[in-house]
Amino acid sequence: MKSQAYVPGDTIAAIATPQGPGAIGVIRLSGDRAVSLAASLVTLANSRPLASLEPRRAALAVFHQNGTNLDRVLVTVFRAPHSFTGEDVVEISCHGGPAVMRRALELILAAGARAAEPGEFSQRAYLNGKMDLIQAEALAELIRARTDLAVTAAFTRMEGGLSDRVRELRSSLIGVLALAEAALDHSDDAAVEEALARESAAGEKVLLALADVRALLATSSAGLLLRDGARVTLAGRPNAGKSSLLNLLLGTQRAIVTPEPGTTRDTLEEGLDLDGVPAILVDTAGIRSGSSDPVEKLGIERARRSIEGSDAAIAVVDASRLLSDEDRTVAGLLRGKPAGVVALNKSDLPSRVAPGDVRSLFPDYPVARVSALRGDGSADLAKALREVLLARAGVGGEGTVQGAVLVSSVRQKDCLERTAAALERALAVADGKEMEECFAMEMREALDALGEMAGETAPEDVLKRIFSSFCVGK
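Per my numbering, residue 628 is the first one in the sequence shown, and the count goes up by one each step.
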């Protein structure tokens, strides 16, 4: 389905590199007039016309306007259909000063190009069959990936790992549907009956497809974890060392730390790479009752809301002090949060907390002894948190995620869930007498959902939502 913004032959242009000063900045043009527009502003070093430049070969050139040189550039031409978008593409590598880039783009637009919308280059690649919708989503995820594992997972999808699985599923189900429709059209034809007998029973084929769909669905938690990261709240009573622990895990002084209880008044968020697993750590105000300070009370309420909205928690316990009602309050707040770790902080001081008491308060949490002051135990805490997050995502062991094909978006998950539901309904009527029509209808539902997942039948609003999330120039 073509976007309303897409006009065949329309030539678009945008800066494809991040804004701000840099050694190099790239301006990208795509469309039927990309080469001719660029040629009106770019002269090759040997005065050859740009149209004569060998595709995919960078050449030195001068960017100019009416005989006034603006910059010395490298220009590369990609001819349709052998380009990212499937159209003629020109990439001009300028010096990356903001003024140079801005002026060069202004001149290109004045020459007749249109300013590209966010994600429009990628949308053209999709519309021209250079990638499907799963690969387009993976491209956006690769750009935003924060860890090595997230990069690997996104790249696997971008290269077609998930698309191939979906394509194989569709091919198998199309075969089953063809047999079902043949049975409908020729219910008394002995030849068709023999053909159906030679094939595996339709129910068996659907069972295999359903198992594959369920296997893909089982990867969605891990895929979403690597794409979005896990929100992890540090919770504990005042002065337990939450902010110090945050700084220790981050390796930088991100949070203000003082000896006074109640210093943290608001939530503070920062990203953390747990050996490939992305997390967002949230430092919160200490949980206690009876505070008369309205600002602190607001901070405590925000801490409670952060706990409710988090994927996991680090329960910070001061090992140098006896467990208190405040610790028990924290444990109560975390009781519905099965994913978490206890950080038994201040292990450099004599311990006044019995291990059994900690286990009784937090029975589902592993315990890591740390000293935020001395920096001891941070690696053990990070490892324990990583294992908890992977277990929550259904990842069995080390290396399970590496290179695996993972479902990575709510949209993909929804399409697979609808596929599974249709296949389950098909199985329910597969053995029924004179139920071929219902069976065929459910098979079409499953195929439609898989087609939507790959982008073959995706609604316009879905395309708009996906591609508008891209940056301009991609």
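Even glycine gets a Cβ: it sits at the ideal position worked out from N, Cα and C.
Keep in mind it's a predicted model, so treat the numbers as computed, not measured.
1. Taking its Cβ as the centre, do 16 or more other Cβ atoms sit within 10 Å of residue 879, making it buried, or is it exposed?
2. To which residues of the same chain is residue 1045 closer than 6 Å at the C-beta, ignoring the five residues directly before and after it?
3. Once DSSP output is grouped into helix, strand and coil, what is the label at residue 692?
4. State the CB to CB distance for the pair residue 664 and residue 740, rounded to an integer number of angstroms; the pair is presumed to be in contact (CB under 8 Å).
5. Candidates 985, 685, 831 and 902: which alpha carbon is nearest residue 1029's?
6. Please state if the CB of residue 964 and the CB of residue 934 are separated by a distance shorter than 9 Å.
7. May I ask you to verify whether the region 1088-1100 touches the region 632-651, counting CB pairs closer than 8 Å and requiring at least 3?
8. Closest to residue 1034 by C-alpha separation, out of 799, 809 and 790, would be which residue?
9. What is the rounded straight-line gap between the Cα of residue 734 and the Cα of residue 700?
10. Report the three-state DSSP secondary structure of residue 705 (helix, strand or coil).
11. Considering just the uninterrupted stretch of the alpha helix (DSSP H) at residue 840, what are its terminal residues?
12. Classify residue 914 as helix, strand or coil using the three-state DSSP reduction.
13. Just checking my contact of residue 702 with residue 669 at CB under 8 Å: how many whole Å lie between their CB atoms?
14. With a CB to CB cut of under 6 Å and the five nearest residues on each side skipped, what residues in its chain are close to residue 775?
15. Can you tell me whether residue 883 is buried or exposed? The criterion is at least 16 other CB atoms within 10 Å of its CB, across all chains shown.
16. With DSSP as the reference, label residue 1106 as helix, strand or coil.
17. Sort 909, 949 and 905 by Cα distance to residue 772 and report the nearest one.
18. So what does DSSP say about residue 956, is it helix, strand or coil?
19. Return the CA-CA distance between residue 1002 and residue 871, expressed in angstroms with no decimal places.
20. Are the CB atoms of residue 716 and residue 661 nearer to each other than 9 Å?
21. Could you tell me how far apart the beta carbons of residue 909 and residue 937 are, in whole angstroms, since I believe they sit closer than 8 Å?
22. Would you list the one or two residues that DSSP bridges to residue 641?
23. Under a three-way DSSP split, which group does residue 802 fall into?
24. Report yes if the C-beta distance between residue 972 and residue 862 is below 9 Å; otherwise report no.
25. Quick one: which unbroken beta strand (DSSP E) runs of 3-plus residues sit fully inside the region 713-756? Chain order, please.
26. Go to residue 898, then tell me how far its beta strand (DSSP E) extends in each direction, as first and last residue.
27. Going by DSSP, what residues sit across from residue 1131 in a beta bridge?
28. With a CB to CB cut of under 8 Å and the five nearest residues on each side skipped, what residues in its chain are close to residue 764?
29. Which residue's Cα is closest to the Cα of residue 759: 836, 718 and 712?
30. Expressed to the nearest angstrom, what Euclidean distance is found between the alpha-carbon atoms of residue 807 and residue 779?
31. Report the three-state DSSP secondary structure of residue 906 (helix, strand or coil).
32. How is residue 1053 classed by DSSP in three states: helix, strand or coil?
33. Mark residue 1022 as exposed unless 16 or more other C-beta atoms lie within 10 angstroms of its C-beta, in which case mark it buried.
34. In angstroms, rounded to a whole number, what distance separates the CA positions of residue 953 and residue 912?
35. So, is residue 683 buried or exposed, given that buried needs 16 or more other C-beta atoms within 10 angstroms?
36. Rounded to whole angstroms, what is the Cα-Cα separation between residue 955 and residue 980?
Quick answer:
1. Here residue 879 refers to the residue found at position 252 of the sequence shown. Counting Cβ neighbours within 10 Å, residue 879 comes out exposed, since fewer than 16 surround it.
2. As a first step, residue 1045 is located in the sequence shown; it is residue number 418 there, counting from the start. Excluding positions up to five away in sequence, the list reads 1076.
3. Position 65 of the sequence shown holds residue 692. Three-state DSSP puts residue 692 in a strand.
4. Position 37 of the sequence shown holds residue 664. Position 113 of the sequence shown holds residue 740. Separation of the CB atoms of residue 664 and residue 740 is rounded to 6 Å, and the pair is thereby assigned contact status at 8 Å.
5. Translated into positions along the sequence shown, residue 1029 becomes position 402. The shortest C-alpha separation from residue 1029 is found at 902.
6. Walking along the sequence shown from the start, residue 934 turns up at place 307. Walking along the sequence shown from the start, residue 964 turns up at place 337. Contact: yes.
7. yes
8. As a first step, residue 1034 is located in the sequence shown; it is residue number 407 there, counting from the start. Ranking the options by Cα distance to residue 1034, first place goes to 790.
9. The sequence position of residue 734 within the sequence shown is 107, counting from 1. The sequence position of residue 700 within the sequence shown is 73, counting from 1. Roughly 15 Å separates the two Cα atoms.
10. By one-based count along the sequence shown, residue 705 stands at place 78. In the three-state reduction of the DSSP assignment, residue 705 falls in the strand class, which pools E and B.
11. Residue 840 sits at position 213 when you count from the first residue of the sequence shown. Its alpha helix (DSSP H) spans residues 829-844.
12. Numbered from 1 along the sequence shown, position 287 holds the residue referred to as residue 914. Reduced to three states, the DSSP call for residue 914 is coil.
13. Start at 1 with the first residue of the sequence shown, and residue 702 comes out as number 75. Start at 1 with the first residue of the sequence shown, and residue 669 comes out as number 42. Correct: roughly 5 Å between the Cβ atoms.
14. Here residue 775 corresponds to residue number 148 of the sequence shown, with the count starting at 1. These residues qualify, in order along the chain: 903.
15. The residue you call residue 883 lines up with position 256 of the sequence shown. Any reading at residue 883 must be qualified, since the residue scores a pLDDT of 48, below 50, and its modelled position is unreliable; no value is offered.
16. Not covered by the structure: residue 1106. The range shown for the chain is 628 to 1101.
17. Here the question's residue 772 lines up with position 145 in the sequence shown. Closest by alpha carbon: 905.
18. Within the sequence shown, residue 956 is the residue found at index 329, counting from 1. Three-state DSSP puts residue 956 in a helix.
19. Numbered from 1 along the sequence shown, position 375 holds the residue referred to as residue 1002. Numbered from 1 along the sequence shown, position 244 holds the residue referred to as residue 871. Residue 1002 and residue 871 have their alpha carbons spaced roughly 10 Å apart.
20. On the sequence shown, position 89 is the one that residue 716 refers to. On the sequence shown, position 34 is the one that residue 661 refers to. The answer is yes: Cβ separation under 9 Å.
21. The residue you call residue 909 lines up with position 282 of the sequence shown. The residue you call residue 937 lines up with position 310 of the sequence shown. Their Cβ separation, rounded to whole angstroms, is 7 Å, which keeps residue 909 and residue 937 in contact under 8 Å.
22. Within the sequence shown, numbered from 1, the residue matching residue 641 stands at position 14. 655.
23. Numbered from its first residue, the sequence shown carries residue 802 at position 175. Residue state, collapsed to three classes: helix.
24. The residue labelled residue 972 in the question sits at position 345 within the sequence shown. The residue labelled residue 862 in the question sits at position 235 within the sequence shown. No; because the gap between Cβ atoms is not below 9 Å, this pair is not in contact.
25. 716-722
26. In the sequence shown, counting from the first residue as 1, residue 898 sits at position 271. Looking at the DSSP string, the run of the beta strand (DSSP E) that includes residue 898 is 895-901.
27. This structure cannot settle anything about residue 1131, because the visible part of the chain is limited to 628 through 1101.
28. Here residue 764 is taken as the residue at index 137 of the sequence shown, counted from 1. The residues are 784, 1035, 1036, 1038, 1039 and 1093.
29. Taking the sequence shown and counting its residues from 1, the one referred to as residue 759 is at position 132. The candidate whose alpha carbon is nearest that of residue 759 is 712.
30. Locating residue 807 in the sequence shown gives position 180, where the first residue counts as 1. Locating residue 779 in the sequence shown gives position 152, where the first residue counts as 1. If I take the Cα positions, the gap works out to 40 Å.
31. What you label residue 906 is simply residue 279 of the sequence shown in a count that begins at 1. Secondary structure of residue 906 (DSSP, three-state): strand.
32. Walking along the sequence shown from the start, residue 1053 turns up at place 426. In this structure, residue 1053 counts as helix in the three-state DSSP scheme.
33. Against the sequence shown, residue 1022 aligns to sequence position 395. Per the 10 Å Cβ criterion, buried.
34. By one-based count along the sequence shown, residue 953 stands at place 326. By one-based count along the sequence shown, residue 912 stands at place 285. When rounded, the distance between both Cα atoms is 13 Å.
35. If you number the sequence shown from 1, residue 683 lands on position 56. Classification of residue 683: exposed, given that the 10 Å Cβ count is below 16.
36. What you label residue 955 is simply residue 328 of the sequence shown in a count that begins at 1. What you label residue 980 is simply residue 353 of the sequence shown in a count that begins at 1. Cα to Cα, residue 955 sits roughly 13 Å from residue 980.
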